[in-house]
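All remarks here apply to the structure that follows.
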Amino acid sequence: MDTTTQLIRHVLDSNLETIPAKAIERAKLSILDTIACAIGGSNDPIAHSARDLAALSGGNPECTVWISGGKLPASLAALVNATTARALDFDETYELCINGCHASAYDVPPALALAERDSSITGSELVSAVATAMDLHIRLARSVTTNAIETGRDNMVAVWGATAVSTKLLRLDEEKTRNAFGIAYAHAAGELQMYEEASHTVSLQQGLRARAGLESALSAMVGFNGPRKPFFGRYGFFKAFEPSYDLNLLMDGLGREYVNASISFKPWPACKCVHPAVDGLLQLRKRHQFTGEDIVSIELGLNRLAEDFVVQPRDEKWDPKEPVVARFSLPYATAVAAQRGQVVIRDFFPDALTDKDVRRIMGVTKIDVDPEIERTHGLYSNSPITIKVTLQGGAEHSIRVDKAFGHPENPASIADGVQKLKACAEMSMIPFAAKQLDLIGEFVNDLEKQPTLKPLFELLVAARQ
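Counting in our numbering, the sequence shown runs from 583 upward without gaps.
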């Protein structure tokens, strides 16, 4: 059996009984996390632009735009909801590969759009489809062994996660699923210049690929065909775009080990590369009872890969003028944690970026490549970090953080997801009632038992006062 057929049958054959319980539980948290991030990002300018873009197109009002309650065709609802879920860079990510992977906010919005479009889809079908699609998405992402910083190609495989979840929920047969994967190859895209310039397309590309995956599946459903060997054909993806890959990372344990269970939760609304520093500063503050005013200097050490991503260019990262830049600035996130003892959504609003106390700590923060971390963890996109804080009077406190809270070996729970949902709701463009948020958490926690998903879509619309 060829590799593409194995991948297709993996998607088609998985169900609640064949997927490990841990992967199902983690998929539920991924669904809750994506909803939380979309609620938190709903008032961001990026989210407003996404809704404005979709409104230009019109079409059948079949699926809900979360929070606002507008109705759009399924593919456009997926675009808006996925873009909104990424607006704050708060959505979870797979950090155990060279380039990382934001699978859930690509794959959950098209899944929910299709589940709303077809009321016969049950909660068990939804959570199984999400776990399976994220497993495939992450496997494809981790199989790429070249660094996006060197190639400029960022997570081009994402369209296949959205395609997989869509083919499964559309209940396509093997032939149409193969065609959907082939059609999706025409949509495979992803570039790193968006991070270099901190542009809105960091979020918009997520929406574009969520829409493309859903539309690839719909295209196959109505009869379009596509290349039968989109991955390993003569001009397939791994020949044309990523010839340096590890087939074992794609195929080992397929159907038995669901790697979506190893995705990382984000407790703080910024790039995962800054989380070890935030975690470490918060631990040191709590342990030694100092405040931002006590700090004389901070010294951080990490690997070159992360340093290039969240420290360079230094003139921008020490002087962030835009929220997107601040979310990818290690000195800024470190200084916020050191000064305020927390890092929350509001810390990345434009008016927060000029806070003089945070700026003072940024000015005394030094960040260098740590030779030992570079030797042992040089290929980790989310590097361990060493921290030394010097205080007034000369006291020094140090810590090394390898696995910040949210890492799969330091995992979050559904309860943590509900707490994040409530924190995000404080930033919603329209208020959510506390009881409504509790009901969202309860519904998702029992997702595999839900005979219909209709109550969830009603809960995802904020109650206008």
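Built from N, CA and C at the ideal position, the CB exists for glycine as well.
Practice task
Have a look at GLN1047 and SER1010 and give me their C-alpha separation to the nearest angstrom.
Solution key: For the purposes of this step, residue 1047 is taken as the residue at position 465 of the sequence shown. For the purposes of this step, residue 1010 is taken as the residue at position 428 of the sequence shown. Unreliable positioning characterises GLN1047 in this predicted model, as indicated by a pLDDT of 48, which lies under 50. The coordinate reading is nonetheless provided below. If I take the Cα positions, the gap works out to 13 Å.
Exercise for the section: May I ask you to report which of helix, strand or coil DSSP gives ARG928? Expected result: Counted from its first residue, the sequence shown places residue 928 at position 346. Correct three-state label for ARG928: helix.
Practice task
Please look up how many angstroms separate the CB atoms of LEU796 and SER657, rounded, as I've assumed it's under 8 Å.
Solution key: Taking the first residue of the sequence shown as position 1, residue 796 is located at position 214. Taking the first residue of the sequence shown as position 1, residue 657 is located at position 75. Correct: roughly 5 Å between the Cβ atoms.
Practice task
Inspect the CB distances between the segment 867 to 882 and the segment 757 to 776 and report whether three or more fall short of 8 Å.
Solution key: no
Handout entry: Residues bridged to GLU773 (per DSSP)
Key = Taking the first residue of the sequence shown as 1, we reach residue 773 at position 191. Bridge partners of GLU773: ARG735.
Practice task
Could you tell me the boundaries of the beta strand (DSSP E) in which ASP950 lies?
Solution key: Here residue 950 refers to the residue found at position 368 when the sequence shown is read from its first residue. 947 to 951 is the extent of the beta strand (DSSP E) around ASP950.
Exercise for the section: Provide the residue(s) that pair with ARG982 in DSSP beta bridges, ordered along the chain. Expected result: Here the question's residue 982 lines up with position 400 in the sequence shown. Partner(s): THR968.
Exercise for the section: Report buried or exposed for GLN974, applying the criterion of at least 16 other Cβ atoms within 10 angstroms of its Cβ. Expected result: Here residue 974 is taken as the residue at index 392 of the sequence shown, counted from 1. Exposed, since its Cβ has fewer than 16 Cβ neighbours within 10 Å.
Practice task
Mind reading off the beta-carbon distance from GLY682 to VAL1043? Whole number of angstroms is fine, and I expect it under 8 Å.
Solution key: By 1-based counting over the sequence shown, the position of residue 682 is 100. By 1-based counting over the sequence shown, the position of residue 1043 is 461. With 8 Å as the limit, GLY682 and VAL1043 do not qualify as a contact, their Cβ atoms being about 32 Å apart.
Exercise for the section: Return the chain-ordered list of same chain residues with a C-beta closer than 6 Å to the C-beta of ARG591, the five sequence neighbours on each side being excluded. Expected result: Taking the sequence shown and counting its residues from 1, one reaches residue 591 at position 9. Excluding residues up to 5 positions away in sequence, nothing lies with its Cβ nearer than 6 Å to the Cβ of ARG591 in the same chain.
Problem - Residues sharing a beta bridge with THR646, DSSP - result: Translated into the one-based positions of the sequence shown, residue 646 becomes position 64. According to DSSP, THR646 bridges with LYS653.
Exercise for the section: Would you kindly report the start and end of the unbroken alpha helix (DSSP H) that includes LEU589? Expected result: Residue numbering aside, residue 589 sits at position 7 when the sequence shown is read from its first letter. Residues 585 to 595.
Practice task
With distances taken Cα to Cα, identify the nearest neighbour of VAL856 among ALA917, LEU696, TYR840, THR749.
Solution key: The count along the sequence shown starts at 1 and reaches residue 856 at position 274. Closest option to VAL856, Cα to Cα, is ALA917.
Handout entry: Burial state of LYS1017 (16 or more Cβ within 10 Å)
Key = Taking the first residue of the sequence shown as position 1, residue 1017 is located at position 435. Under this definition LYS1017 is an exposed residue.
Practice task
Would you give the residue range spanned by the alpha helix (DSSP H) that GLY764 belongs to?
Solution key: Here residue 764 refers to the residue found at position 182 when the sequence shown is read from its first residue. Unbroken alpha helix (DSSP H) run through GLY764: 756 to 767.
Handout entry: Residues near ALA726 by beta carbon distance below 6 Å, same chain, minus five either side
Key = Counted from its first residue, the sequence shown places residue 726 at position 144. Sequence inspection shows Val at residue 726; the Ala mentioned does not correspond to that position. The residues are GLU824, TYR827.
Exercise for the section: Label THR616 either buried or exposed according to how many other C-beta atoms from any shown protein chain fall within 10 Å of its C-beta, with 16 as the threshold for buried. Expected result: Taking the sequence shown and counting its residues from 1, the one referred to as residue 616 is at position 34. THR616 is buried by the Cβ-count criterion.
Problem - Cβ-based burial, GLU1024 [other Cβ within 10 Å; buried from 16] - result: Within the sequence shown, the letter at position 442 stands for residue 1024. Result: exposed.
Problem - Other residues of its chain near SER879: CB distance less than 6 Å, five sequence neighbours each side excluded - result: Against the sequence shown, residue 879 aligns to sequence position 297. So the list reads VAL946, THR972, once near-sequence residues are dropped.
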